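Per numbering that gives the first Met the number 0, the sequence shown starts with residue 0, numbered consecutively.
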Amino acid sequence: MTRSTDLGIDLRGLVGARVGLAEPLIAARAAAGAAAVADLVARRAAGEVGFLDLPDDHASARACMDYGRQLDPEIDTMVVLGIGGSSLGPRALYSALAPPLDPLRPRSPGLPRRLLFADNVDPVTFAGLLEVVDPRRTVWNVVTKSGGTAETCAQLLIVVEWLERVVGPDRARQLLVCTTDPERGALRALARARGLAAFAVPPSVGGRFSVLTPVGLLPAAVAGLDVVGLLEGARRMRDRVLSPDLASNPALLLATLLHAHHVDRGRPMVVVMPYVDGLYDCADWFRQLWAESLGKAQARDGRAVHVGPTPIAARGATDQHSQLQLYAEGPDDKAYLMLSVDQRGREVTMPAGALAASAPDFAYLAGKGLGQLLDAELAGTTQSLLGRGRPVGTIRLARADAPAVGALLMMFEAATALAGALYGVDPFDQPGVEEAKRLTFAALGRPGYAAPTPALPPAAPGAPYVL
């Protein structure tokens with residue numbers, strides 16, 4: 000097991016005859032791994048890849064913390080208007096580090112604020128959000144790196160009109176804060192024109208890699224999370240993931256093993272399964288990171304490749320009762336990463352009282368903790384999958400605190416970047432997403448976007464496959 004003060008990483012279950020990936024095959028990939036690290040280091044030096052430098056951006060971190068400290072004490076809620084990396088990153092931090100069920104806890108002035116996330120444009124949900132938040136006690140963080148994300152801009156139009164009507168234009172201006180490109184884009188121009196508070200996303204950091212920019216740090220600071228600890232844990236991990244040594248670089252080892260399971264053993268899917276509720280949104284964040292970075296039609300040299308692994312987020316032990324049957328006996332096309340913690344910080348013990356005494360089938364639970372039960376389920380599931388020849392790795396956080404979460408996120412980001420080099424694709428672009436955006440703009444009549452020929456003609460009653 001590779002162990003640091005923040006994470007313990009045990010990938011032995013991803014290697015060996017039992018799972019069809021012999022150690023000599025991994026050793027033969029060491030040179031490709033070292034080349035992947037060299038490529039990442041070169042792109043960083045060229046200013047193309049900025050996420051590795053974020054742990055050293057103390058000025059942005061201080062600005063975010065200052066904003067949180069200076070915010071009107073009557074404000075008890077921040078709503079994040081953002082989609083994709085503009086929502087998944089801050090949500091992952093909040094779920095992992097805030098008290099459980101934090102949005103449901105009563106608020107009082109001076110306490111850390113709750114965070115809510117409006118990451119879709121379903122009108123029923125958004126109308127409900129406007130009904131439940133107090134406009135006088137809520138600040139709105141508008142997050143779009145490009146400054147023109149259609150969903151976020153649509154929400155902004157609605158919120159500004161609503162706030163100006165309810166609290167007046169001057170107060171509305173105080174209740175809006177933007178996170179976007181430092182110079183370009185419609186949102187930056189709007190912030191300048193209206194005098195709105197604004198934070199910058201470095202141009203060299205893509206949205207899905209932006210969790211340690213103000214995209215994630217500003218909501219984290221407003222919620223009272225440990226921003227300094229996040230960056231410190233990320234920095235410690237960053238210093239490890241730049242090593243060309245496969246055996247000591249956790250991100251490189253993870254990327255190499257998952258890539259090998261895909262291309263050599265026909266396992267294109269990776270299931271990330273936390274046995275900690277607070278880490279589920281980190282798995283959800285990883286889905287975007289891995290899928291959007293590695294699913295590509297073209298290699299960096301222009302060849303058509305159509306490659307990409309499929310990430311799946313599951314929750315232990317919940318999804319033992321919905322997905323495990325497939326994982327155990329279905330197609331052997333997945334690798335598994337289990338997430339857990341060594342010190343949960345709290346335990347709830349099942350009493351050894353009259354009920355347990357009167358129900359012999361429950362007696363084995365009496366006196367044990369829910370965390371003990373969850374750990375037993377993790378061990379049982381891992382052993383069951385390994386026994387069936389399914390590859391399983393385990394990542395254990397020392398505790399679910401800011402340094403450990405920062406280290407986990409940095410490791411996943413670096414593993415994704417290195418996997419891109421192994422697949423031969425650019426993990427920092429997203430041409431498929433951009434095409435869908437252009438088609439959306441055209442469908443809404445945005446100037447400069449021609450309406451495309453429909454992929455399907457209008458459905459005619461009685462046509463085949465139209466019911």
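All C-beta atoms in this analysis are idealised placements derived from N, C-alpha and C, irrespective of residue type, glycine included.
None of these values were measured; they are calculated from a predicted model.
Quiz item: If we count the other Cβ atoms within 10 Å of its Cβ and call it buried at 16 or more, is S209 buried or exposed?
Solution: Working through the sequence shown from its first residue, we reach residue 209 at position 210. Counting Cβ neighbours within 10 Å, S209 comes out buried, since at least 16 surround it.
Quiz item: Are the stretch 266-285 and the stretch 89-102 in contact at 8 Å, needing three or more beta carbon pairs?
Solution: yes
Quiz item: In chain order, what residues of the same chain have a beta carbon less than 6 Å from the beta carbon of T393, not counting five sequence neighbours either side?
Solution: If you number the sequence shown from 1, residue 393 lands on position 394. Result list for T393: D9 and M337, in chain order.
Quiz item: Which of helix, strand or coil does DSSP assign to V131?
Solution: Stepping through the sequence shown from its first residue, residue 131 is reached at position 132. Three-state result, V131: helix.
Quiz item: Are the CB atoms of L80 and W139 nearer to each other than 8 Å?
Solution: As a working note, residue 80 is residue 81 in the sequence shown. As a working note, residue 139 is residue 140 in the sequence shown. Yes, they are a contact pair.
Quiz item: Around the Cβ of F361, are there at least 16 other Cβ atoms within 10 angstroms (buried) or fewer (exposed)?
Solution: Here residue 361 refers to the residue found at position 362 of the sequence shown. Classification for F361: exposed.
Self-check item: Straight-line Cα distance separating A60 from R113
Solution: For this step, residue 113 is matched to residue 114 along the sequence shown. For this step, residue 60 is matched to residue 61 along the sequence shown. If I take the Cα positions, the gap works out to 19 Å.
Exercise. Label A358 either buried or exposed according to how many other C-beta atoms from any shown protein chain fall within 10 Å of its C-beta, with 16 as the threshold for buried.
Key: The residue you call residue 358 lines up with position 359 of the sequence shown. Classification of A358: exposed, given that the 10 Å Cβ count is below 16.
Practice problem: Determine the closest residue to D180 out of A34, D71, L155 and G206, with distance taken between C-alpha atoms. | Solution: Locating residue 180 in the sequence shown gives position 181, where the first residue counts as 1. Minimum Cα distance to D180 is reached at G206.
Practice problem: Specify, as a first and last residue, the run of the alpha helix (DSSP H) that I394 falls within. | Solution: Numbered from its first residue, the sequence shown carries residue 394 at position 395. Looking at the DSSP string, I394 is not in any alpha helix (DSSP H); the run it does join, the beta strand (DSSP E), is V391 to R398.
Quiz item: Taking only runs of the alpha helix (DSSP H) that begin and end inside the stretch 419-450, which ones reach a length of at least 4 residues, in chain order?
Solution: 430-442
Quiz item: Looking at the structure shown, is M409 part of a helix, part of a strand, or coil, going by DSSP?
Solution: In the sequence shown, residue 409 corresponds to position 410, counting from 1. The answer is helix: DSSP assigns M409 an H, G or I state.
Exercise. Pick out whichever of L216, R42 and T76 has its Cα sitting closest to the Cα of L87.
Key: Counting from one through the sequence shown, the residue named residue 87 turns up at place 88. Cα-wise, what sits closest to L87 is L216.
Quiz item: Is it true that the stretch 232-241 meets the stretch 399-408, where meeting means three or more beta-carbon pairs spaced less than 8 Å apart?
Solution: yes
Quiz prompt | First and last residue of the uninterrupted alpha helix (DSSP H) at I25 | solution = By one-based count along the sequence shown, residue 25 stands at place 26. First-last of the alpha helix (DSSP H) with I25: E22 to A26.
Quiz item: Got a sec: is the Cβ-Cβ distance from L438 to anything in chain B below 8 Å?
Solution: Of the protein chains in the structure, only one exists, and it is not chain B.
Quiz item: Do the CB positions of A298 and A35 come within less than 8 Å of each other?
Solution: As a first step, residue 298 must be located in the sequence shown, where it is residue number 299. As a first step, residue 35 must be located in the sequence shown, where it is residue number 36. The answer is no: Cβ separation not under 8 Å.
Quiz item: In chain order, which continuous runs of the alpha helix (DSSP H) of length 4 or greater are located wholly inside the stretch 101-178?
Solution: 122-131, 149-165 and 168-173
Quiz item: From the DSSP output, which residues share a beta bridge with S339?
Solution: Indexing the sequence shown from 1 puts residue 339 at position 340. Answer is R395, bridged to S339.
Quiz item: Are the stretch 153-169 and the stretch 216-231 touching by the rule of at least three beta carbon pairs closer than 8 Å?
Solution: no
Quiz item: Who are the near neighbours of T255 in its chain, counting only those whose CB is closer than 6 Å to its CB and skipping five residues on each side?
Solution: What you label residue 255 is simply residue 256 of the sequence shown in a count that begins at 1. For T255, where only same-chain residues beyond five positions count, the Cβ hits under 6 Å are R28 and G32.
Practice problem: Taking only the alpha-carbon atoms, compute the straight-line gap between D121 and Q382 and give it to the nearest angstrom. | Solution: Locating residue 121 in the sequence shown gives position 122, counting from the first residue. Locating residue 382 in the sequence shown gives position 383, counting from the first residue. Roughly 41 Å between the two C-alpha positions.
Self-check item: Stretch pair the stretch 142-159 + the stretch 95-115: three plus CB contacts closer than 8 Å
Solution: no
Quiz item: Are the beta-carbon atoms of R17 and L384 separated by less than 8 Å?
Solution: As a working mapping, residue 17 is identified with position 18 in the sequence shown. As a working mapping, residue 384 is identified with position 385 in the sequence shown. No, the pair does not count as a contact, with Cβ atoms beyond the cut-off.
Self-check item: Assigned secondary structure, T348 (DSSP; H/G/I helix, E/B strand, else coil)
Solution: For this step, residue 348 is matched to residue 349 along the sequence shown. If DSSP states are grouped into helix, strand and coil, T348 belongs with the strands.
Exercise. Flag this pair as yes or no: are the beta carbons of L253 and A414 separated by less than 8 Å?
Key: In the sequence shown, the residue the question calls residue 253 occupies position 254. In the sequence shown, the residue the question calls residue 414 occupies position 415. A contact, by the Cβ cut-off of 8 Å.
Exercise. Check G379 in the structure and name its three-state DSSP category.
Key: Here residue 379 refers to the residue found at position 380 when the sequence shown is read from its first residue. If DSSP states are grouped into helix, strand and coil, G379 belongs with the helices.
Self-check item: Own chain partners of P451 with C-beta closer than 7 Å, once the 5 adjacent residues on each side are dropped
Solution: For the purposes of this step, residue 451 is identified with residue 452 of the sequence shown, where counting begins at 1. Taken in chain order, the residues that qualify are L438 and A441.
Practice problem: Answer with buried or exposed for Q342, where buried requires no fewer than 16 other C-beta atoms within 10 angstroms of its C-beta. | Solution: As a position in the sequence shown, residue 342 is number 343, starting the count at 1. Q342 should be labelled exposed.
Quiz item: P390 to L24, Cα distance in whole Å?
Solution: As a working note, residue 390 is residue 391 in the sequence shown. As a working note, residue 24 is residue 25 in the sequence shown. Roughly 15 Å separates the two Cα atoms.
Exercise. Leaving aside the five residues before and after A40 along the sequence, list all residues of the same chain whose C-beta is less than 7 Å from its C-beta, in chain order.
Key: If you number the sequence shown from 1, residue 40 lands on position 41. Reading off the sequence, residue 40 comes out as Val, not Ala. Once the five neighbours on either side are set aside, the close Cβ partners of V40 are L241.
Practice problem: Could you pull the start and end residues of the alpha helix (DSSP H) that F198 belongs to? | Solution: Stepping through the sequence shown from its first residue, residue 198 is reached at position 199. Unbroken run through F198 is the beta strand (DSSP E), A196 to A199; no alpha helix (DSSP H).
Quiz item: How about R266 and D331: do their beta carbons lie closer than 8 Å?
Solution: Along the sequence shown, one-based indexing puts residue 266 at 267. Along the sequence shown, one-based indexing puts residue 331 at 332. Contact flag set, yes.
Practice problem: Give the single residue among A37, R43 and Q287 whose Cα lies nearest to the Cα of R244. | Solution: The count along the sequence shown starts at 1 and reaches residue 244 at position 245. Before going on, a small fix: residue 244 reads as Asp here, not Arg. Per the Cα distances, A37.
Quiz item: What did DSSP end up calling P310 once you bin it into helix, strand or coil?
Solution: Taking the first residue of the sequence shown as 1, we reach residue 310 at position 311. The answer is strand: DSSP assigns P310 an E or B state.
Quiz prompt | Residues of its chain near A313, where Cβ-Cβ distance is below 6 Å and the 5 sequence neighbours each way are ignored | solution = Here residue 313 refers to the residue found at position 314 when the sequence shown is read from its first residue. Here the set comprises V270, M272 and Q322.
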